[in-house]
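One line per chain: the protein sequences are A and B, in this order.
The opening residue of the first sequence carries number 1 in my numbering; numbering runs sequentially from there.
The opening residue of the second sequence carries number 1001 in my numbering; numbering runs sequentially from there.
Think of the CB as a built atom: it goes at the ideal place given N, C-alpha and C, for glycine as much as any other residue.
2 protein chains.
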Amino acid sequence: MADFITPKEKSYTDWYIDIILKAKLADYSPVRGCMVIRPQGYALWERIQSILDAMFKETGHENAYFPLLIPESFIQKEAEHVEGFAPELAIVTHGGGEKLEEAFVIRPTSETIIWSMYKQWIHSYRDLPLLINQWANVIRWEKRTRLFLRTSEFLWQEGHTAHENKKEAKKEAKTIFSIYHTFAKNYLALFSYRGEKTEAEKFAGADITYSMEVLMKDGKALQAGTSHFLGQKFAKAFNVQFQTKTGNLSYVWATSWGVSSRLIGAIIMAHSDNKGLIIPPKLAPIEIVIVPIGKQNVKQMIMKHAHQLFKKLSKKFRVKLDTEDQKSPGWRFSEWELKGVPLRIELGPRDIEQHSVTLAVRDTGEKHHVTLEELPVTINKMLNDMQERLYQEHKKFSLEHTFYPNTYDAFKQIFNNEKLGCAIAPWNGSPKVEKMIKEQTKASIRIILSQKDYPLQGKKCLFSGQSAKHMVLFAKAY
Amino acid sequence: MADFITPKEKSYTDWYIDIILKAKLADYSPVRGCMVIRPQGYALWERIQSILDAMFKETGHENAYFPLLIPESFIQKEAEHVEGFAPELAIVTHGGGEKLEEAFVIRPTSETIIWSMYKQWIHSYRDLPLLINQWANVIRWEKRTRLFLRTSEFLWQEGHTAHENKKEAKKEAKTIFSIYHTFAKNYLALFSYRGEKTEAEKFAGADITYSMEVLMKDGKALQAGTSHFLGQKFAKAFNVQFQTKTGNLSYVWATSWGVSSRLIGAIIMAHSDNKGLIIPPKLAPIEIVIVPIGKQNVKQMIMKHAHQLFKKLSKKFRVKLDTEDQKSPGWRFSEWELKGVPLRIELGPRDIEQHSVTLAVRDTGEKHHVTLEELPVTINKMLNDMQERLYQEHKKFSLEHTFYPNTYDAFKQIFNNEKLGCAIAPWNGSPKVEKMIKEQTKASIRIILSQKDYPLQGKKCLFSGQSAKHMVLFAKAY
């Protein structure tokens, strides 16, 4: 199977698509721009859902479900919001055999429909905070799509919270942003740059957008999760006021935040190799696959041992027993490598004789002989090591491909495809300069970096020579 | 709070809606016919999802996700299917600011889009069976809607399986039907009648529809779950053939099956009372609420004990600690009764002195003093007893409101609102007779009952006097 994957070095794009199609993570659909998420891919989404959902619930959030359809007039109530989303809308004009009086849009995001409900639910400070999350599908009509990374329909979670004051709302936006970072680092093994979006790049309707940017192996940045402090914009658009503790009326403060099924694309791109998918162990739906090997005369005996081992390991790990018996061991090994299972246990007659197994590690390709007695401890260590190794490798790659150019010429060279990666540089804060750079180099400001981590120290703007306002991260973006 | 619920005896409809709105299970939305599922209601859906999902996975099914939008031409490929669904479709005519060349429908069910993919995935008997389930939203434009029971958008799961032969496909449809029954009985505490739909009532595109019908307290039947043997209809419509073991080409055999968020409506209607919701313990998101009670001077001491108890019980049960301290105990008790939590632990100064608690049972209203030592065992027993009691009560109600009329006049009296319930009667199998009865009485044939459980014994059709073909269940339907 592995032979059929285009090598990464030959074409990163083809390599990426090959992995998705061959590992059966997803498929193209007859609906332009929309994909089918196949069981192997959906299992990754289920893991993402269950881990994040628990993190949201631990911090006091509850799930709910709001209508898919939004009256067209709602989208228009917040000026920036409609400007940002209008070009991407799918519009329902007919229902039940009749033309509708008012058209509906399919939600591209749910702020407007949710705030129309919050108006009915929020009257007093006693109704706050309101901490609601929704797991849902959304549609944003896209011209150029790529499996997982950019599709017209995608799956996501969208949190929408309401607060008494600015401070609490900002704190909420940051709390969630920190959850996203923890999740990306500890589960997805992804290193990320984090910071605030510029005015030009922030969410349509936000006061502040916090974004987590992850560097892919082709040097492009992927926006992997955003958390927005919305100020009072949606409360004002939908006239949501509440009685404060002191008896005054005040507009409600808001946040919204989301991550989507594009995270699956990030995992594939960041960790996989020419043999196929590599899944970080903590995320993997299957941590270990047991592959019994043996000729006809010993098959039954081996399968018996394999079942025993499966039963024993299942108590501690997510295990799969491979019962395929038509294909060669080599074919089956390649197949499990393609699917990205972190550890493979090979169990043959000699292993059984020696009360041991052969343990193959997906990313390094190493094989170890391990006694049955040592097996659970060894598995645990190898899974943890692999998790840490994938993160460190991605971090190393990201840092090695982050450049600090000293001149605009050096900057341009990076994005001329002479180098692979992103750039950190001082910027004077001017939207005009930002626009010019994007036009000239196709690199955009992904985020404004924190001055604590990236001190300005009196630097001059690389592009204007004026005094710099921020250190910012530039990259071509997915 | 309970005062605000219209008594069931006064208006069943208002009582039902009051419970939903006051217990904050759901709310009306600004999108006609669509509801908002609020956190209290969505928590029930999450329980339904997690329990059923585990049952599907245990029987070899995997989850996937297919596009929301279906090309209009796909829906038209299966003649019965389009006839059944055309009047209920929501149509997307514009996307990304342009009129679309071909319109899309929002999925009312996904057979057509899924079978267009199965054509690409199924080539050989080795690709079968294909056992896929999808958790999704669907839209069927409804004129008359009622919260949870009938809404234009609803949440559901839809299974779509593909098989080598008729026998396996039929077996699959029955396996799932049996899962639905087990789930309804053991978790939802619902008694159901089960059987096949008539030609007139079956799913648009099915050869056989198995349906589970649940009697509500107003005497109407609710179709609570259906499993369809689809024969080769969709395989033929999408030309899905496979190479058999013997090397021939054959059309694939199919099933589809689903339950939806209307199950939440069934639970409310079947079990609740004038104080509010009653949730069967095995389904309840919260099995036990701990309500600490005490005046200002002992509050802190009581809360300390309450936290200890919460920690202890959380290891075995789904527990909530009520930390509200502004409202009176009476108000809080009513509030938890309204929300339907099965057991309430009241913890006051005297309870703590006596190393005991007061345990109140939601459905019977009984209160017991239980020592801390006996508490876990007692809780377990009371939860199990309540689960069984709710089922037995619903079964008793259903059987007492199932009539066996001997004449058409007696039959008509039932559905003239002179009696409350459904009827079982012999029928000659004629669609004309079926249609006439529906027109005259508004009662439809919900299902054909199995001859094993409901023997014909040479009975005559109640309506035509001809020899009967089936014993069938008649009811007005939701």
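- What B/N1239 touches in chain A, judged by beta-carbon distance under 7 angstroms, is nothing: the nearest beta carbon there is about 14 angstroms away.
- Chain B has a Cβ within less than 8 angstroms of the Cβ of A/V31.
- Bridge partners of A/Q157 according to DSSP: A/W135 and A/V259.
- At a C-beta separation below 9 angstroms, A/D27 has these neighbours in chain B: M1117, Q1120 and W1121.
- The shortest CA-to-CA distance from A/P285 to any of B/I1017, B/G1041 and B/E1062 is the one to B/E1062.
- The residues T402, F403, Y404, P405, F411, I414, F415, A443, L473, F474 and A475, in chain order, have a CB closer than 8 angstroms to that of A/A423 in the same chain once the five nearest residues on each side in sequence are set aside.
- Cβ contact annotation for A/Y28 (same chain, cutoff 7 angstroms, sequence separation greater than five): M35, in chain order.
- Cβ-Cβ distances below 6 angstroms link B/W1015 to T1006 and K1008 in the same chain, with the five nearest sequence neighbours on each side left out; the list follows chain order.
- Counting the other Cβ atoms within 10 Å of the Cβ of B/P1292 gives 16 or more, which makes it buried.
- Within a 10 Å sphere around the beta-carbon of A/A425 sit 16 or more other beta-carbons, which makes this residue buried.
- Here B/H1305 carries a helix assignment [DSSP, helix/strand/coil].
- Residues of chain A whose Cβ lies closer than 9 angstroms to the Cβ of B/F1104 are, in chain order, V31 and A90.
- Judged by DSSP in its simplified three-state form, B/L1089 adopts coil rather than helix or strand.
- For B/M1055, the three-state secondary structure derived from DSSP is helix.
- Listed as beta-bridge partners of B/L1025 by DSSP are no residues whatsoever.
- For B/T1112, the closest C-alpha among the options B/D1218, B/M1212, B/A1235 and B/A1090 is that of B/A1235.
- For B/M1216, the three-state secondary structure derived from DSSP is coil.
- Annotated three-state conformation of A/P349 is helix, per DSSP.
- Membership of A/K396 in the alpha helix (DSSP H) is indicated by the continuous run L375 to E400.
- B/W1156 is positioned such that its CB atom lies no closer than 8 angstroms to that of A/G95.
- Taking a cut-off of 8 angstroms for Cβ pairs, the stretch 226-243 of chain A and the stretch 142-149 of chain A do not touch, as fewer than three such pairs fall below it.
- Separation of the CB atoms of B/D1322 and B/I1352 is rounded to 16 angstroms, and the pair is thereby denied contact status at 8 angstroms.
- For B/F1004 and A/H160, the gap between their C-alpha atoms comes out near 30 angstroms.
- Contact between B/I1106 and B/A1086 is absent: CB atoms are separated by about 13 angstroms, not below the 8 angstroms threshold.
- Looking only at A/L277, A/N274 and A/P349, the smallest Cα-Cα distance to A/N297 is reached by A/P349.
- A check of alpha carbon separations from A/A360 across A/Q354, A/I448 and A/I379 identifies A/I379 as the nearest.
- In this structure, the CA atom of A/N417 is about 9 angstroms from the CA atom of A/G219.
- Within chain B, no residue has its CB atom less than 9 angstroms from the CB of A/H160, the nearest being about 12 angstroms off.
- Scanning chain B for C-beta atoms nearer than 8 angstroms to the C-beta of A/V36 yields A1064, Y1065, F1066, P1067 and M1117, reported in chain order.
- Judged by their CB atoms, B/H1181 and B/M1212 are nearer to each other than the 8 angstroms cut-off.
- For B/G1195, the three-state secondary structure derived from DSSP is strand.
- Membership of A/W121 in any beta strand (DSSP E) is not indicated; the residue belongs instead to the alpha helix (DSSP H) covering E111 to W121.
- The beta carbon of A/K316 sits closer than 7 angstroms to those of P376, all from its chain and outside the five residues before and after it, given in chain order.
- Per the DSSP secondary-structure output, B/N1063 pairs in a beta bridge with B/N1133.
- Selection B/A1477, B/K1312, B/G1033 and B/S1430 evaluated against B/S1464 yields B/S1430 as nearest (Cα-Cα).
- Collapsing the DSSP output to three states places B/H1355 in coil.
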